[in-house]
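S.K.: One structure is given below, represented as structure tokens, and several questions about it will come after.
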Amino acid sequence: MDKNSFYGKIYSEICNGFSIGRISTQKIFYFKHPSLAEHFSIYNNYELNKKHAEKRGVLSEEGKIKESIENDWWSYENESKISLLKKTVKNLYVTREKLLYPSQKEDIDKQIRQNKNILMSFEKERRELIGYTSEDYAENKFLDDLLISLVYKDSNLKEHLFNNDEEFYSLSDKEFSKIKHIFNQCTNSFSQDILKKIAASGFFQNLVYLNSEPYSFWGKAVYQCSKYQIDLLVYGKMYRNTIDSYHKNDKPIPAEVMEDPEKFVDWIENQQNQKDTGKKRKNSDSKNNMVSSYVGATNKDLKSMGVKVEKIKGKSLLQLAEEKGGTLEKSDYLNARENV
Numbered sequence: 014m015d016k017n018s019f020y021g022k023i024y025s026e027i028c029n030g031f032s033i034g035r036i037s038t039q040k041i042f043y044f045k046h047p048s049l050a051e052h053f054s055i056y057n058n059y060e061l062n063k064k065h066a067e068k069r070g071v072l073s074e075e076g077k078i079k080e081s082i083e084n085d086w087w088s089y090e091n092e093s094k095i096s097l098l099k100k101t102v103k104n105l106y107v108t109r110e111k112l113l114y115p116s117q118k119e120d121i122d123k124q125i126r127q128n129k130n131i132l133m134s135f136e137k138e139r140r141e142l143i144g145y146t147s148e149d150y151a152e153n154k155f156l157d158d159l160l161i162s163l164v165y166k167d168s169n170l171k172e173h174l175f176n177n178d179e180e181f182y183s184l185s186d187k188e189f190s191k192i193k194h195i196f197n198q199c200t201n202s203f204s205q206d207i208l209k210k211i212a213a214s215g216f217f218q219n220l221v222y223l224n225s226e227p228y229s230f231w232g233k234a235v236y237q238c239s240k241y242q243i244d245l246l247v248y249g250k251m252y253r254n255t256i257d258s259y260h261k262n263d264k265p266i267p268a269e270v271m272e273d274p275e276k277f278v279d280w281i282e283n284q285q286n287q288k289d290t291g292k293k294r295k296n297s298d299s300k301n302n303m304v305s306s307y308v309g310a311t312n313k314d315l316k317s318m319g320v321k322v323e324k325i326k327g328k329s330l331l332q333l334a335e336e337k338g339g340t341l342e343k344s345d346y347l348n349a350r351e352n353v
């Protein structure tokens, strides 16, 4: 399935308010997309379940780690390594958000993967040592409650697949694993990253252009909308406002960017990064008499951003700017053109 078909499929599920899962050729279920109220209600139970487990004598992860260190099964040194790796990964993500060019982000992504792999190795070893925790209990109970309350037999979402807890807990391990796997696949399809790309798609932008009021868009009041419907419409309206703003200022977004949701989202975020860090691009008639350059960008970066690079004597403005230390004065630019 190509990405446009995938985005269309996810959009149709968001419109319906549910996703379909198949346990067998004869048995399917419908996962209801929760409203904001349902979303918060279910997630709030996590802490209650965690406290319930601890009252019954199940130690928290912190308590288990402390116990393991006291018995010399684990060490403070290993904990420090885990803490440092987590901090490193977090800082790399922050750095990535501030970068403008895909090639730079690819380098950071490689470092993130390497550090996460090392982190996973340490965490796996620790997990095998500390065993079952109150967090595990809360997480498992949270998933159980989620499946019991949001999984239905019918597309009208009137009859739950499990009428009571007893029916749910009588599932075989094979059936439970399959439902859990399908459920996780469904929820992963509604990540913020994917919702942004659907919102940036041409078909969705056309819909937002025609009407962007929640009731007429989704056919129900805001409090009845699913969390995914609300998030998708918010992103769609935000992108529509950005597009309109650039057109009003006679700076239309490059066609190559507009035609590709992934490029569009990256482009929008790059523009915001430039604004936040004060790295606004300058053109040849800017107040400080400078010509802008994209120092550090590869040709692939520029193409993905929809930037057309003028060449003088076979050299791009980017190359000329790099030769001048990263900035090209207007006089340098004019001299280069005169000597062509």
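Numbered according to my numbering, the sequence shown spans residues 14 to 353.
No residue lacks a Cβ here, since even glycine has one placed at the ideal position from N, Cα and C.
All values derive from a computational prediction rather than experimental measurement.
Between which two residues does the alpha helix (DSSP H) carrying Y43 extend?
M.R.: Y43 -> not in any alpha helix (DSSP H); beta strand (DSSP E) instead, spanning I41 to K45.
S.K.: Return yes when the Cβ of E26 is within less than 9 Å of the Cβ of S32, no when it is not.
M.R.: yes
S.K.: Using 10 angstroms around the beta-carbon of Q242, count the other beta-carbons present and answer buried if the total reaches 16, otherwise exposed.
M.R.: buried
S.K.: Would you decide whether S37 is buried or exposed? Buried here means 16 or more other CB atoms lie within 10 Å of its CB.
M.R.: exposed
S.K.: Whole angstroms is fine: what's the gap from S305's alpha carbon to N283's?
M.R.: Note that S305 has pLDDT 47, beneath the 50 cutoff, so the model's placement of it is unreliable and the number below is only indicative. Distance between the alpha carbons of S305 and N283: 16 Å.
S.K.: How long is the line joining the alpha carbons of L174 and E148, rounded to whole angstroms?
M.R.: 27 Å
S.K.: Taking only three categories from DSSP, how would you classify I33?
M.R.: strand
S.K.: Please give me, in chain order, every unbroken run of the alpha helix (DSSP H) with length at least 4 that falls completely inside the stretch 74-148.
M.R.: 74-83, 89-111 and 115-143
S.K.: Short check: CB of L112 to CB of I121, under 9 Å?
M.R.: yes
S.K.: Beta-carbon separation of L246 and W231 under 9 Å?
M.R.: yes
S.K.: Look at the alpha carbon of Y20 and the alpha carbon of P267, and state the distance between them as a whole number of angstroms.
M.R.: 22 Å
S.K.: What residue ranges within the stretch 157-190 form continuous alpha helix (DSSP H) runs of no fewer than 4 residues, ordered along the chain?
M.R.: 178-182
S.K.: Report the residue from L163, D244, K171 and S88 whose alpha carbon sits nearest the alpha carbon of C28.
M.R.: D244
S.K.: Leaving out five residues on either side along the sequence, give the residues of the same chain with a beta carbon under 7 Å from the beta carbon of K99.
M.R.: L132
S.K.: Kindly identify the DSSP beta-bridge partner or partners of S48.
M.R.: S48 pairs with S239.
S.K.: DSSP three-state label for R69, please.
M.R.: coil
S.K.: Have a look at E110, S239, C199 and G249 and flag the residue whose alpha-carbon is nearest the alpha-carbon of L220.
M.R.: G249
S.K.: Within 8 Å, do at least three Cβ pairs link the stretch 44-55 to the stretch 161-168?
M.R.: yes
S.K.: At the level of alpha carbons, what is the spacing between Q285 and D186?
M.R.: 48 Å
S.K.: For E172, I'd like the list of residues in its chain whose CB is within less than 8 Å of its CB, leaving aside the five on either flank, ordered along the chain.
M.R.: Y165 and K166
S.K.: Label N201 either buried or exposed according to how many other C-beta atoms from any shown protein chain fall within 10 Å of its C-beta, with 16 as the threshold for buried.
M.R.: exposed
S.K.: Could you please give the first and the last residue of the uninterrupted alpha helix (DSSP H) stretch that includes N219?
M.R.: G215 to L223
S.K.: Give me the Cα-Cα distance between S88 and D206, rounded to the nearest whole angstrom.
M.R.: 37 Å
S.K.: Quick one: residues in its chain with C-beta nearer than 8 Å to the C-beta of N58, no 5 flanking neighbours on either side, listed in chain order?
M.R.: Scanning its chain for C-beta atoms nearer than 8 Å, with the 5 sequence neighbours on each side dropped, one finds around N58 the residues K154, F155 and D158, in chain order.
S.K.: With distance defined between alpha-carbon atoms, name the residue in F135, K210 and K276 nearest to N91.
M.R.: F135
S.K.: Please report the distance separating the alpha-carbon of E272 from that of T255.
M.R.: 15 Å
S.K.: For the putative contact between Y145 and V71, defined by C-beta atoms under 8 Å, what is the C-beta separation to the nearest angstrom?
M.R.: 7 Å
S.K.: On a CA-only basis, which of R35, Y56, Q237 and A213 is nearest E152? Give me that one, please.
M.R.: Y56
S.K.: Considering only their Cβ atoms, is the gap separating F189 from V24 smaller than 9 Å?
M.R.: First, the amino acid is wrong: residue 24 is Tyr here, not Val. Cβ distance not < 9 Å, so Y24 and F189 don't count as in contact.
S.K.: For S214, which of Y252, S73, I82 and R69 has the nearest alpha-carbon?
M.R.: Y252
S.K.: Distance check for V107 and N177, CA to CA, integer angstroms please.
M.R.: Distance between the alpha carbons of N177 and V107: 44 Å.
S.K.: Give the secondary structure of M251 by DSSP, where H, G and I count as helix, E and B as strand, and everything else as coil.
M.R.: DSSP, read as helix, strand or coil, puts M251 in helix.
S.K.: Does the ligand HEM have even one heavy atom less than 8 Å from the beta-carbon of N84?
M.R.: This structure does not include the ligand HEM; it has no bound ligands of any sort.
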